[in-house]
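Chains as they are written, first to last, in the working numbering: chain S, 415 to 850; chain C, 4 to 218; chain Y, 1407 to 2220.
As structure tokens, the structure follows; a few thoughts come after it.
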Ligand SMILES: Cc1cc2nc3c(=O)[nH]c(=O)nc-3n(C[C@H](O)[C@H](O)[C@H](O)COP(=O)(O)O)c2cc1C
Ligand code: SF4
Ligand code: FES
């Protein structure tokens, strides 16, 4: 079901040393780089474009198209987004920790294709171990002449710098990430201009996710078309899914997209712990609206099908909740996350997410008022007008609207459960609960 | 900036960290980019990011202390108050929450007699709840000085705290904690990891870290 | 239509077609064509950040209508915008509700109450009843973030105006956001106050009452303020201001956006100095010297005495100093009084601390302030603009930081603009001529500097880097730059209305209207109106003072002049006033000089008189009256007219405006300047001289003055700071508090040579006096020089001597 393995074959075959340069080289590592260095850069870029790969960071934007937007100015930069902080997501961590050279080779090849001479790998601060593994891989690559001046005698120079975050989910948003990399607060920038035109230090910059770039060496060795032929046309290639929550077999799985959610949850994920009933699941990270068994088990796991059904594959994080789950409390947990991670620069997100979190908390604690449910939705509507999918926003970036997803989800699928929390009849509690 | 100036500004720092600071300032196309790494170094030097440290970083990067404070306070990992020798960060985000993260937090608060967000009187522990740390497949997950333990259930969480208090490891090694107290993991960790954390600061070479024994 | 104006595009706002400049921000394009879109964070003089989200509108896109912030959206041809749709209205109401849920709503006790956009827009767009039952965010109530500014974080709506201003505009980012999300707040760094010369601007642009100014706090409510538009006479930039009073006391001065000059910004000196007008030491009664000192007298007695004494001297035995503190009309009256009634050629508005009057009044290729925006290179060889002309500093900073002008700074030590300068040349005072020679020759590693200066249109801002520097150096620099193509020169002096006073003929070598004293035709034309003029070129300030000491002059008329404090040679000034047989002073205060006079006449000052003033780029603007002067104070021109009558002459003026009309006729450069045009007409942002109706007979091309380098060691760098001990600063409590601690700065090597270190107290001695000062080590200072801030209470005694000696403190055992 998961053949071929593009990203994880090496770690499956070599459980103890997939991250070392000896193992990497022994298993064909850096051959792709040698080949790429012999190709005209535009052909390297063409291979990536031909693969039709769509970004694995969340937005699912076609990588080849993005590369095409790179403005003709120098210096230009490549920045790898390893901030992986979307609750439920831990796939990039495995790629960084278990096959850092695969990423580094992908970075070098991409830099060749893009004419970049200084690339950055931004890794969230809570990932020191993955960062150390990548740093060691980079050091080894320098020693072996895969990095630095005149790489493998090709005349091509490249430096790669690992930059640790400081603890801020929003830095996963590409423009916030660039601000953070510039030594600023991780506040998203107004787009346009897009990074490809004005990015790091206001120079043309490509930002790509760790997984996206880890695929590049394979594309060079096997050809972009080969990649394009794996899986459904608009969701080509394999993809790492992070399975967590009430599942028997949580973990990362590299699969070809197109299978149904039923297969993914019950076969790949082994079904629900203690054979309880599945109540609902998050198909693509905390920002994604929830799916429920009655409506969505047979929806194909592709970027577009998931989108058409009102959610997204996002970061590939699948969180399953069993029948025992208090969905209001679960939704509150996610809203709390977004309130905590809001950068605070724009009014609706800063004030709205905090307000939503406190309202939910109040309701959970038995101080809800009948009017609160419509009010919840109305405040959501002031952050994401029309409560449409894909969401409209009064905010600068999509974080604010992300906080709306869990609330809309429970109001749509479990309204009775939240209504049950509202003290009925006479004494409408309006006492205020302080949230610590 | 000249080495001499730099040495003047951070005279109190260890030679190793002074060297690291110089390298970091030279690594980026613009000095300002070194602010976050330098803040980690400063935290290593002063135990946490004290006001004096922000002055130092400001001078090194050509910013005002107000600007450095603005950056430092945006992120959760630059602690501006005292931190215990072992910073225990308990994930209570959605996946860990579903798998009992809150109970783990409670167990650790008891075991360390330290409430969420506080530092124990003996300065051994700081306890905090954190949002997702990317270990959802191994929920419930915890970090000690940012070194990961997965599948850490309440009972084991308690014994882990007792062990930390007794053994007082110089270097916190994720493998060791995982093996002693952990359970379900998100994925194979692969081979033993030589490096660990010597302080409640992410252990990463360029920002100062130590391999076991090196401490 | 479009063909003629390729830079115009047509967009549709709420169904109406509008012609607007291409690439203009939508919010501005809409406003300029009649549709006001609400906003909080956007400010026309700062980069948009799109943070408050209040200015949301719907714009048609291929994918349907899209909500977007009009403050970040540039217009393009055919853009279709809806500012009224239900979606937009609901979104805006939502934003307001979000802003209000944590707002204290303490409007009744808020300085902003009544002029608060948040309050107004809540009326206009806001929801009624609050649905928010949670507890509001709490912060410690107002905290002092500087000596003049208070911060109330509960009121703050986080629009980032203050933080952007101090980072982008004034270049001292001392106030910043801290924390994030719902805990975000603005704050300074512990023990690092918001000590900015421009802090008051943040109070003015704060859309709510989060930042308030101590001097204004609780002083008045917006609705009982009276206000006039005027210009600030604190320095020669003449920033446009709104002067606001309550019960005949000025309570606030705000900046007004005048495109050619201040862009709405002010220095804190412009903003808070008004306090001096209401100080208890303000003179309100005439004083006559008795053997026991100055005693109050009636105007009648005082005027009789002055007329009688002045009349007892030969005209050319009398001299006049001053006229730079008031309006052009007052300066004109002073000039006419001295030249036609006293009949003396010895007049000077400068105190020997300025530049050659003919250079200042007549320079041929004078630059405007706006020219710095268009310059490829700017040479700044003058005083530290941040200290001397703060608003010009902002304009040059912007040109260098935002508009790509390459800045070259030449100065004896660090200046406020060094951080945006392409090149910095530091030299020891006295060595200027050598530096200039090398620079002109591109020698000694100055080649790249010369390249920079020759890279296109160049503007040279020239002046005295310090008071002990010879003013002729500035002219030599001007001459050097004038030699390059597309070169413009801005010779700068600092004091109030100096340029206007010179234009009114208050200089030994000038006649009114930019006419040289030896210009026969000009002289004739003037005599036709004024009657016979004294012949010959008179004495300048220094020669006047010398003449009084030598007994060649007998009497002195001071008008708003304080030579004892302002002349580089305080010893000479003091002696002169002592030896003078008779001194009369028209002033607002008993300045050090007025205190030595025989008669002191209290006159009205800023906001108490109406008239015009001329700034450093030769821009005439209107100065307006808002309140009467205190006590028996009189307008200076009426006092001079009274004196003239008593001396059997007259100024021939019925009103100030009649003086203004006379200026327009006798002063060639001022032809066509009328109050009406300045108040209501095409002159609202000022009229540049010479006007199209006027002319500038004096065409002064700067020349190399042949000044030679002096070898002084230790050279004294005696330069002004913004908040010095000048009489007006001293009389304004809020500013008096800001006067810096005195010190002497030395280069590390010199400090080593003297074996002194930071903090040591040493005795600093010049030919004029000595004072004990703590040492500061300043690596940015030229070697071989000592820097002492000019005219502080403690340092004034030193005067602008060329050199100093450093001696061990008398205190030290020795
Ligand atoms: C709030 C927010 C958080 C994000 N977090 C991440 C992240 O942790 N990792 C990531 O690769 N992309 C993240 N993204 C998406 C990035 O903005 C960007 O689209 C992506 O890194 C581009 O790489 P890709 O095209 O290879 O996916 C986030 C976006 C938003 C709006
Ligand atoms: S939506 Fe939230 S996270 Fe995004 S820019 Fe606005 S405040 Fe920051
Ligand atoms: S005015 Fe446009 S977002 Fe604030």
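Beta carbons are placed, not taken as given, at the ideal position from N, Cα and C, and that holds for glycine.
Remember, it's a predicted structure, so these values are computed and weren't measured experimentally.
- Residue 605 (chain S) sits in coil when the DSSP states are folded into three classes, being neither helix nor strand.
- DSSP places residue 1817 (chain Y) in the strand class (E or B) of the three-state scheme.
- Three or more Cβ pairs closer than 8 Å define a contact, and the region 545 to 556 of chain S falls short of that threshold against the region 133 to 145 of chain C.
- Taking the beta carbon of residue 26 (chain C) as reference, no residue of chain Y falls within 8 Å; the closest one sits roughly 25 Å away.
- With a cutoff of 8 Å on beta-carbon distance, residue 1818 (chain Y) and residue 1882 (chain Y) are scored as not near each other.
- Under DSSP, residue 82 (chain C) shares a beta bridge with no residue.
- Assignment of alpha helix (DSSP H) within the region 1691 to 1767 of chain Y, counting only whole runs of 4 or more residues, yields 1705 to 1717 and 1734 to 1742 in chain order.
- The beta carbons of residue 674 (chain S) and residue 698 (chain S) sit no closer together than 8 Å.
- DSSP places residue 1563 (chain Y) outside both helix and strand once states are collapsed to three, so it counts as coil.
- When Cβ-Cβ separations below 8 Å define contact, residue 77 (chain C) makes contact with chain Y.
- For residue 1583 (chain Y), the closest Cβ of chain C is nearer than 8 Å.
- For residue 1873 (chain Y), there is no enclosing alpha helix (DSSP H), as DSSP marks it with neither H nor E.
- Around the Cβ of residue 438 (chain S), a 10 Å sphere holds 16 or more other Cβ atoms; the residue is buried.
- Excluding the 5 residues flanking it on each side, residue 1895 (chain Y) has same chain C-beta neighbours closer than 7 Å at 1769, 1771, 1772, 1773, 1866, 1868, 1884, 1887, 1888 and 2108, in chain order.
- Taking the Cβ atoms as the reference, residue 593 (chain S) lies roughly 27 Å from residue 1500 (chain Y), outside the contact range of under 8 Å.
- Shown here is that no member of the region 1600 to 1633 of chain Y has a Cβ falling below 8 Å from a Cβ of chain S.
- For residue 751 (chain S), the CB contacts under 7 Å within the same chain, skipping 5 residues up- and downstream, are 501 and 700 in chain order.
- Residue-level contact by beta carbon holds for residue 1458 (chain Y) and chain S, with a gap shorter than 8 Å.
- Residue contact check for residue 151 (chain C) against chain S: a CB pair falls below 8 Å.
- Chain Y places no beta carbon closer than 8 Å to that of residue 798 (chain S), leaving this residue out of the contacts.
- In this structure, residue 813 (chain S) has its CB closer than 7 Å to one or more heavy atoms of ligand 1.
- Listed along chain S are 753, 756, 758, 764, 765, 767 and 768, each with a C-beta nearer than 8 Å to that of residue 1588 (chain Y).
- Contact annotation for residue 1598 (chain Y) against chain C: 68 and 69 [CB-CB distance below 7 Å, chain order].
- For residue 1610 (chain Y), the uninterrupted alpha helix (DSSP H) run begins and ends at 1605 to 1611, by DSSP.
- By a beta-carbon distance limit of 8 Å, residue 656 (chain S) contacts residue 503 (chain S). Their separation comes to about 5 Å.
- For residue 547 (chain S), the uninterrupted alpha helix (DSSP H) run begins and ends at 542 to 557, by DSSP.
- Boundaries for residue 585 (chain S): no beta strand (DSSP E) harbours it, and the DSSP string shows neither H nor E there.
- With fewer than 16 other beta carbons inside 10 angstroms of its own, residue 1654 (chain Y) counts as exposed.
- At a threshold of 7 Å, residue 656 (chain S) does not count as near ligand 1, since its beta carbon sits no closer than that to any of the ligand's heavy atoms.
- Cβ contact annotation for residue 1709 (chain Y) (same chain, cutoff 7 Å, sequence separation greater than five): 2048, 2049 and 2052, in chain order.
- Relative to the non-hydrogen atoms of ligand 2, the Cβ of residue 757 (chain S) comes within a distance shorter than 7 Å of at least one.
- The beta carbon of residue 1415 (chain Y) sits closer than 7 Å to the beta carbons of 1426, 1428, 1481, 1482 and 1483 from its chain, once the five residues preceding and following it are set aside; these are given in chain order.
- Residue contact with chain Y for residue 808 (chain S): present (Cβ-Cβ distance below 8 Å to some residue of chain Y).
- Classified as exposed, residue 2114 (chain Y) has fewer than 16 neighbouring CB atoms from the shown chains inside 10 Å of its CB.
- For residue 433 (chain S), there is no enclosing beta strand (DSSP E), as DSSP marks it with neither H nor E.
- The C-beta of residue 1704 (chain Y) has fewer than 16 other C-beta atoms within 10 Å across all chains shown, which makes the residue exposed.
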